[in-house]
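K.L.:
So that we are looking at the same thing, I have put the structure below in structure tokens.
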Amino acid sequence: MKKTADVYRLSLQSKFVLTFTSVVALTGFVWPFFYVGNLHWIFVIAIAASALLLVSEIGIGSIDAKSIALLGVMSAFITLLRPLGAGAAGLEPIWFALIIAARVFGPSWGFLLGITSMTTSALLTGGVGPWLAYQIFAAGWIGLLAGALPQKFAGRLIRGAAEKVLLIAFGIVASFAFGILMDLQFWPWVLGSNTQLSYIPGGALSENLSRFITFHFASSMAWDIPRAILTSILIVLTATPFLRALRRTYFKAAFLTPIEFKESARTVS
Amino acid sequence: MITFNSVSLIYPHSLHTVFEDLSFTIDEGEMVLVIGATGSGKSSLLRLINGLVPHHTGGILAGDISVDGISTSLTKPGGLAHLIGIVGQNPAHGFVTDTVEEELVFGMEALNFAPDVMRKRVEEILDLLSLAHLRARSISTLSGGEQQRVAIGSALVMHPKVLVLDEPTSALDPIAAEEVLSILHRLVHDLGLTVVVSEHKLERVIGFADRIIAISADGKAEIDIPEEILKKSPIAPPIVHLARALNLDAVGTSVREVRRMTTHLRDFAPLVSDSQLATGKTVVWVDSLSHSYGEKVALRNISLEFKSGEITAVMGRNGAGKSTLFKSIVGFHKASGGQIKVLGTDPVELRGRQRLATIGYIPQEPSDLLIHSSVEKECAESDQDNGLTPGSTFAFLARLAPTINRQAHPRDLSEGQRLSLVLALILCSAPDVLIMDEPTRGLDYQAKSLLVDTLVSYSRNLGKCVLIATHDVELVAEVADRVVFLADGDVVADGSTLDVLLSSPAFAPQVAKVMSPAPWLTVKDALRGIAQATGKDSLS
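First to last, the sequence lines map onto chains G and Z. Each residue of the first sequence is one higher than the one before, starting from 1 at the first, in the working numbering. Each residue of the second sequence is one higher than the one before, starting from 1001 at the first, in the working numbering.
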């Protein structure tokens, strides 16, 4: 039976492109542990190209007008939230909105929201640079995973307090993961080559890993913890009305509602 | 141009048939008006034309609809975009860009027009809709009528053959409405455009319509010329009610026609007016009030008194200072100059329950006051806030809107039900002053008469002071004792409704225009007046 368009879902081809570009991007984050030479600029370019490839792949796929409209409104909302926190000390009031919206509209749409909102908000805060492509992927993955959180547990819908707890737990994990990813992306370059915590090109994996972890704990935990706390607080405060409003939108947008065209009643009867 | 062939429609999650076996044909170059009570399916009918229903909403559609030979069941709304222009109820919701020129170009950009074509069309539309002087203006700074013209313009740049408008003039003042309608009239006559328009305020559009589609509550619809439809339709403008009440042979659609038919009735009309102003105690006292927003002066040295048991209508153009006056009285801001006392207290200092019991304010968009997810929860909160026994707000609401669904989300209610809900929430704390900004926007005649009854009984029986800002002269004629007319921040007229409305031809209600110079504003006034003058009750 015919139905109205669904909320955006990645096509098989898009899933393939997403997986491929994600592997490129992930490699871009972790190669310093495995490779001796300097691939930094290669990956800056490769990741930016991957992001473009992904966006154009999704762009030529069919996104329904309603999903586009939702995406536009939510991206604009998140873009406006971002300057409120100025990014200082990890106080980024955007993650809760991304997580809650992705929870309602699903992983594919959540991924899109992550990349569009990170891009548009970067334009507003002036944060455009080599790091942007890394941030785009990180935000996209957070949206994707938030959308993929289980809707049911033991046959029952996860709603109310349980849902809040789930979202907070995910918010905390995402806040730390984002910090780690962003650190990975610049740790090899930021310290120079001769400190206790510096990256050793070609060094043993265990050595580099322990240096990275120490570096991360020493420098960026001060960012991750406030980010996690702020995200949790905002989820606690806004989840109930925000989820309710978005679910209502979902219902009102009439995704996947059956359409039936019949012969006129007169000719049938 | 548009053909409906035995069309029936059922929405998903509903058993209610919106239309049943609807058939009609609209010819090229016709202007067709769609009328019906709120919720009867006017908007659904309009959206069926370009396929938004059911392609976007889902539902079961039987029968076929074709526009210019294209069937809407086979073509998605996007494929009809070049053929059908649609203008929504609130133009501000549809704008996507900042300036007038960009907004006009946007649709063409999306359809990939060549740049030189776009340039030419933009110029053409700017001239056609007299928007040339506004081309670089930011849309948010335009008046309601201008915004509506921009919305029509951005639909017209695609050179559609059909233009569909959902209540284009409901939110406009009479002059801006006239401006929009005369442009539609010109488009129909000069360009042969087919226009389908729905509207509640029939008195405004009736003169322009070639035919009317009247949808009744049971999903049946009739299409015919206005004179025929209006003979029996329960939804009719005041002049039609007047013609019926006076037992005239035919109903007229314009003031001129009805005036010609009633010459014999005006011969013996008394020319004295017997109006008098209320003599209650002063509730709101405004003394040399001034207010400005930055450079712009909104109110200039205004002194007014509003008394208990009196309904005052504040009229004037958009931007004349009506909303600023109300916000000052409510106490949203401290006025830049002058003083306001509501029952002896500066409204800025009112707090908590004392505020609830003193001032009730209903803003232009009543749903701004609704924050809960169901009617029931709104009512429960109001009970708690006002210290009433649980259920009393809902009981009050049930009297205003007996069919209201307790569980419904406030935003899913019809405009009339939503206004009833907000009225119930505000009135159950029995405020001494009730202030309403543009209460009749989007209301049909039925909801309006409910509003009139509620306001009149609140003010007469409970002796409360009621202030309304409105463009709706027919409402003013029905409900108000006194009219204050603002222009450019000054009070230019203040007096009894009769005196003020009769002194300005543009703002006179239809019945007054027909019966002028007799001092009658409503059908009721006219009947009573004629009965008195002829010394017998000849008309009942």
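For glycine and all other residues, C-beta sits at the position ideal for the given N, C-alpha and C.
#1: Apart from the five residues on each side of it in sequence, which residues of its chain come closer than 8 Å, Cβ to Cβ, to L98 of chain G?
#2: Using a Cβ-Cβ cut-off of 7 Å (strictly less than) and excluding sequence neighbours within five positions of K3 of chain G, which residues of its own chain qualify?
#3: Three-state secondary structure (DSSP) at R1211 of chain Z?
#4: Quick one: list the residues of chain G neighbouring P1054 of chain Z, beta-carbon separation under 7 Å, in chain order.
#5: Bridge partners for Y1293 of chain Z per DSSP, in chain order?
#6: What would DSSP say about S1374 of chain Z, mapped onto helix, strand or coil?
#7: From the DSSP secondary-structure annotation, give me the bridge partner or partners of M1315 of chain Z.
#8: Within its chain, find whatever has a CB closer than 6 Å to the CB of G1463 of chain Z; leave out the 5 residues flanking it on each side and keep chain order.
#9: Measuring only between beta-carbons, confirm whether G1058 of chain Z sits less than 8 Å from chain G.
#10: Pull up the DSSP beta-bridge partners for E1305 of chain Z, would you.
#11: Using a Cβ cut-off of 8 Å, pull out every chain G residue sitting near P1012 of chain Z, in sequence order please.
#12: Assess, as a yes-or-no matter, whether the segment 196-213 of chain G is touched by the segment 31-43 of chain G under the definition of 3 or more beta carbon pairs within less than 8 Å.
#13: Assuming H1185 of chain Z and F1208 of chain Z make a contact with CB atoms under 8 Å, what is their CB distance in whole Å?
#14: Would R159 of chain G count as contacting chain Z if we go by Cβ distances under 8 Å?
#15: At a CB-CB cut-off below 9 Å, which residues of chain G make contact with H1200 of chain Z?
#16: Between the segment 60-84 of chain G and chain Z, which residues of the former have CB atoms less than 8 Å from a CB of the latter, in chain order?
#17: For the candidate residues Z:A1469, Z:Q1339, Z:G1337 and Z:G1153, whose alpha-carbon lies nearest to that of E1123 of chain Z?
#18: Using DSSP with H/G/I as helix, E/B as strand and the rest coil, what is P1012 of chain Z?
#19: Have a look at S1538 of chain Z and H1133 of chain Z and give me their C-alpha separation to the nearest angstrom.
#20: What is the rounded straight-line gap between the Cα of V268 of chain G and the Cα of F251 of chain G?
#21: Taking only beta-carbon atoms, is L1061 of chain Z less than 8 Å away from chain G?
#22: Closest by CA to L1289 of chain Z, which one among Z:V1251, Z:S1336, Z:F1332 and Z:A1243?
#23: Indicate whether at least one CB of chain G lies closer than 8 Å to the CB of S1504 of chain Z.
#24: Smallest Cα separation from S1170 of chain Z: which of Z:G1219, Z:N1301, Z:V1205 and Z:G1094?
#25: Restricting to runs no shorter than 3 residues, where is the beta strand (DSSP E) found entirely within the segment 1479-1534 of chain Z?
#26: Residue range of the beta strand (DSSP E) that I1435 of chain Z falls in?
#27: With the cut-off set at 8 Å, would you say V1514 of chain Z and T1253 of chain Z are in Cβ contact?
#28: In terms of residues, what are the limits of the alpha helix (DSSP H) holding T19 of chain G?
#29: For a test of your reading of the model: does the CB of V1007 of chain Z fall under 7 Å from any non-hydrogen atom of the ligand COA? Yes or no.
#30: Quick check: the Cα distance between S1540 of chain Z and L1419 of chain Z, rounded to an integer number of angstroms?
#31: Between the segment 1432-1445 of chain Z and the segment 1377-1385 of chain Z, are three or more C-beta pairs nearer than 8 Å?
#32: Measuring only the C-alpha atoms, how far is K1161 of chain Z from G1079 of chain Z?
#33: By Cβ distance, which residues of its chain are closer than 7 Å to L1400 of chain Z, with the 5 residues on each side in sequence left out?
#34: Does S1073 of chain Z get closer than 8 Å to chain G when you measure Cβ to Cβ?
#35: In angstroms, rounded to a whole number, what distance separates the CA positions of P1390 of chain Z and A1380 of chain Z?
#36: Please work out which residues of its chain come closer than 7 Å, Cβ to Cβ, to V7 of chain G, disregarding the five sequence neighbours upstream and downstream, and give them in chain order.
P.N.:
Taking the geometry as given:
#1: By one-based count along the first sequence, residue 98 of chain G stands at place 98. Taken in chain order, the residues that qualify are I78, G110, L113, G114, S117, A139, I142, G143 and A146.
#2: As a working note, residue 3 of chain G is residue 3 in the first sequence. The answer, listed in chain order, is L256, T257, P258 and I259.
#3: Within the second sequence, numbered from 1, the residue matching residue 1211 of chain Z stands at position 211. Secondary structure of R1211 of chain Z (DSSP, three-state): strand.
#4: Indexing the second sequence from 1 puts residue 1054 of chain Z at position 54. Near P1054 of chain Z (Cβ distances below 7 Å), the residues of chain G are I259.
#5: If you number the second sequence from 1, residue 1293 of chain Z lands on position 293. Answer is Z:K1296.
#6: Taking the second sequence and counting its residues from 1, one reaches residue 1374 of chain Z at position 374. Of the three classes helix, strand and coil, the one that applies to S1374 of chain Z here is coil, per DSSP.
#7: On the second sequence, position 315 is the one that residue 1315 of chain Z refers to. According to DSSP, M1315 of chain Z bridges with Z:F1485.
#8: The residue labelled residue 1463 of chain Z in the question sits at position 463 within the second sequence. Closer than 6 Å at Cβ, skipping near neighbours: S1308 and G1309.
#9: As a first step, residue 1058 of chain Z must be located in the second sequence, where it is residue number 58. Put simply, the CB of G1058 of chain Z is near chain G, with a gap under 8 Å to one of its CB atoms.
#10: Translated into positions along the second sequence, residue 1305 of chain Z becomes position 305. In DSSP, E1305 of chain Z forms a bridge with Z:W1285.
#11: Position 12 of the second sequence holds residue 1012 of chain Z. Those are A254, T257 and P258, listed as they occur along chain G.
#12: Touching, per the Cβ criterion.
#13: Locating residue 1185 of chain Z in the second sequence gives position 185, counting from the first residue. Locating residue 1208 of chain Z in the second sequence gives position 208, counting from the first residue. Contact holds; Cβ gap of about 5 Å.
#14: Position 159 of the first sequence, counted from the start, is the residue given in the question as residue 159 of chain G. Output row for R159 of chain G: interface = no.
#15: As a first step, residue 1200 of chain Z is located in the second sequence; it is residue number 200 there, counting from the start. Within 9 Å of the CB of H1200 of chain Z, no CB atom of chain G is found; the nearest one sits about 23 Å away.
#16: So the close ones are A65 and K66.
#17: As a position in the second sequence, residue 1123 of chain Z is number 123, starting the count at 1. Taking E1123 of chain Z as reference, the option from Z:A1469, Z:Q1339, Z:G1337 and Z:G1153 with the minimal CA-CA separation is Z:G1153.
#18: Locating residue 1012 of chain Z in the second sequence gives position 12, counting from the first residue. If DSSP states are grouped into helix, strand and coil, P1012 of chain Z belongs with coil.
#19: Residue mapping note: residue 1538 of chain Z aligns to position 538 of the second sequence, counting from 1. Residue mapping note: residue 1133 of chain Z aligns to position 133 of the second sequence, counting from 1. Here the model assigns S1538 of chain Z a pLDDT of 46, short of 50, so the residue's position is not dependable, and the following value carries that caveat. About 56 Å.
#20: In the first sequence, the residue the question calls residue 268 of chain G occupies position 268. In the first sequence, the residue the question calls residue 251 of chain G occupies position 251. At V268 of chain G the pLDDT is 44, less than 50, meaning the model places this residue with poor confidence; the figure from the coordinates comes in the next sentence. The alpha-carbon atoms of V268 of chain G and F251 of chain G are separated by roughly 32 Å.
#21: Counting from 1 along the second sequence, the entry for residue 1061 of chain Z is found at position 61. It does; some Cβ of chain G falls within 8 Å.
#22: Indexing the second sequence from 1 puts residue 1289 of chain Z at position 289. The shortest C-alpha separation from L1289 of chain Z is found at Z:S1336.
#23: Here residue 1504 of chain Z corresponds to residue number 504 of the second sequence, with the count starting at 1. It does not: the Cβ of S1504 of chain Z has no partner Cβ on chain G nearer than 8 Å.
#24: Taking the second sequence and counting its residues from 1, one reaches residue 1170 of chain Z at position 170. The residue among Z:G1219, Z:N1301, Z:V1205 and Z:G1094 with its C-alpha nearest the C-alpha of S1170 of chain Z is Z:V1205.
#25: Those beta strand (DSSP E) runs which fall completely within the segment 1479-1534 of chain Z and span 3+ residues are 1482-1487 and 1490-1496.
#26: The residue labelled residue 1435 of chain Z in the question sits at position 435 within the second sequence. Run containing I1435 of chain Z: V1433 to D1437, per the beta strand (DSSP E) assignment.
#27: For this step, residue 1514 of chain Z is matched to residue 514 along the second sequence. For this step, residue 1253 of chain Z is matched to residue 253 along the second sequence. Contact flag unset, no.
#28: Counted from its first residue, the first sequence places residue 19 of chain G at position 19. Unbroken alpha helix (DSSP H) run through T19 of chain G: L12 to V30.
#29: Questions concerning the ligand COA fall outside what the structure shown contains, since it holds no ligand whatsoever.
#30: Here residue 1540 of chain Z refers to the residue found at position 540 of the second sequence. Here residue 1419 of chain Z refers to the residue found at position 419 of the second sequence. Bear in mind that the predicted position of S1540 of chain Z carries a pLDDT of just 41, short of 50, making it too unreliable to give a figure here.
#31: Contact between the segment 1432-1445 of chain Z and the segment 1377-1385 of chain Z is absent, because fewer than three Cβ pairs lie under 8 Å.
#32: Here residue 1161 of chain Z is taken as the residue at index 161 of the second sequence, counted from 1. Here residue 1079 of chain Z is taken as the residue at index 79 of the second sequence, counted from 1. Cα to Cα, the separation comes out at about 14 Å.
#33: The residue given as residue 1400 of chain Z occupies position 400 in the second sequence. Cβ within range, chain order: S1420, L1423, A1424, L1450 and T1454.
#34: Counting from 1 along the second sequence, the entry for residue 1073 of chain Z is found at position 73. Chain G contact via Cβ: present.
#35: Within the second sequence, residue 1390 of chain Z is the residue found at index 390, counting from 1. Within the second sequence, residue 1380 of chain Z is the residue found at index 380, counting from 1. A straight-line Cα-Cα distance of about 7 Å links P1390 of chain Z and A1380 of chain Z.
#36: Numbered from its first residue, the first sequence carries residue 7 of chain G at position 7. Excluding positions up to five away in sequence, the list reads S67, F105, G106, W109 and F255.
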